[in-house]
Amino acid sequence: MDVLYFAWVRERIGLPREKVETEAATVAALVEELRAREERYAAAFEDLSALRVAVDQELTDFDAPLAGVREVAFFPPMTGG
Numbered sequence: 873m874d875v876l877y878f879a880w881v882r883e884r885i886g887l888p889r890e891k892v893e894t895e896a897a898t899v900a901a902l903v904e905e906l907r908a909r910e911e912r913y914a915a916a917f918e919d920l921s922a923l924r925v926a927v928d929q930e931l932t933d934f935d936a937p938l939a940g941v942r943e944v945a946f947f948p949p950m951t952g953g
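Okay, so the sequence shown: first residue is 873 according to our numbering, each after it adds one.
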């Protein structure tokens, strides 16, 4: 699946997107796999309360299932104006 990173998440990881092969059943499990990769991922996913997630372009939460998902995006909360 494609994993996309936006704003400071992208800055900490150093990539705008990547292809990820995973056996994770949920977004939370995917985050744990990513955190275990290396320090830059651990830093980006240190505080999940500061992140939002979208699965196939639909805002969701971290317990969302990943079966059949093509894209997961991580980003900080947005403010309108």
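Quick reminder that beta carbons are idealized off the backbone N, C-alpha and C, glycines included. Just so we're clear, the structure is a prediction, and the values are computed from it rather than from any experiment.
According to DSSP, simplified to helix, strand and coil, what is residue i?
i            : result
arginine 882 : helix
alanine 1024 : What the structure shows of the chain is the stretch from 873 to 953, and residue 1024 is not part of that stretch, so it cannot be assessed.
leucine 902  : helix
leucine 920  : helix
Alpha carbon to alpha carbon, how far is residue i from residue j?
i            : j           : result
valine 925   : glycine 886 : 18 angstroms
arginine 889 : leucine 876 : 4 angstroms
leucine 938  : valine 927  : 8 angstroms
If I follow the unbroken alpha helix (DSSP H) through residue i, where does it start and stop?
i            : result
arginine 912 : 911–916
On the DSSP letters alone, give me the boundaries of the beta strand (DSSP E) that residue i sits inside.
i             : result
valine 925    : 924–927
leucine 931   : 930–932
aspartate 935 : First-last for aspartate 935: undefined, no H or E at that position.
Beta-carbon within less than 8 angstroms of residue i's beta-carbon, same chain only, minus the 5 sequence neighbours each way: which residues are those?
i           : result
alanine 879 : Phe947 and Pro948
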